[in-house]
Amino acid sequence: MDIRVTAFDHPDAVKLIDLVQQEYVTRYGEPDVTPVDPADFAPPRGLFVVGYLDGVPVACGGWRAHDGPAPEFRHGDAELKRMFVVPDARGKGFARALLAELERTAALAGRTRAVLETGTEQPEAIALYRSAGYTDIPKFGVYKHTPESICLAKEL
5 MDIRVTAFDH PDAVKLIDLV QQEYVTRYGE PDVTPVDPAD FAPPRGLFVV GYLDGVPVAC
65 GGWRAHDGPA PEFRHGDAEL KRMFVVPDAR GKGFARALLA ELERTAALAG RTRAVLETGT
125 EQPEAIALYR SAGYTDIPKF GVYKHTPESI CLAKEL
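Those letters in the sequence shown? Residues 5 to 160, by my numbering.
Here it is, written out as structure tokens:
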């Protein structure tokens with residue numbers, strides 16, 4: 005998989021983001037309503053990437069900087085958003101490669117911790133993050149009072 009830095013609103017990114025939102029509808033009954041501004045994913049305070057396989061976009065994800073407010077975020081956080089691999093490309097290590105690239109680029113940008121919110125209906129994502137060293141943190145964001153929400157973090 006060829007991982008390329010891509011604008012959050014690039015057509016390939018939009019296509020994959022639409023697919024991940026549909027995945028949320030299938031699993032949770034609604035799309036993710038967390039406020040997202042494409043500018044949040046522009047360097048140097050963020051980054052969005054798309055993974056290509058034989059020129060076809062098959063995976064995406066990004067991070068955006070947070071420096072508070074506590075207790076939800078702390079100085080140096082990078083929040084991961086829109087991690088997704090199309091169904092036909094799953095099980096090939098692409099999500100792990102994407103996660104490693106997001107962690108690497110966030111650390112290079114001076115971010116000290118990666119944080120994310122996922123949910124109980126995404127056991128594959130939970131398994132990936134836990135196997136990569138992510139541990140539970142207090143819930144944050146629009147889903148912090150939702151029982152299905154799980155928030156995780158990893159020091160970079």
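Note that the Cβ used here is the ideal one computed from N, Cα and C, for glycine as well.
Per-residue DSSP class, three states only, for residue i
i, result
"residue 115", "coil"
"residue 59", "coil"
"residue 122", "strand"
"residue 49", "coil"
"residue 16", "helix"
Nearest to residue i (by Cα), restricted to the options the options
i, options, result
"residue 156", "146, 122, 128, 145", "122"
"residue 99", "63, 35, 142", "63"
"residue 35", "23, 41, 43, 42", "23"
"residue 59", "73, 16, 11", "16"
"residue 7", "27, 53, 149, 32", "53"
Residue i, buried or exposed, once every other Cβ within 10 Å from all chains shown has been counted against 16
i, result
"residue 68", "buried"
"residue 50", "buried"
"residue 128", "exposed"
Contact check, residue i vs residue j, beta carbons under 8 Å
i, j, result
"residue 144", "residue 77", "yes"
"residue 29", "residue 146", "no"
Q: Go through the region 63 to 103 residue by residue and report every complete run of the beta strand (DSSP E) that reaches 3 residues or more, in order.
A: 79 to 89
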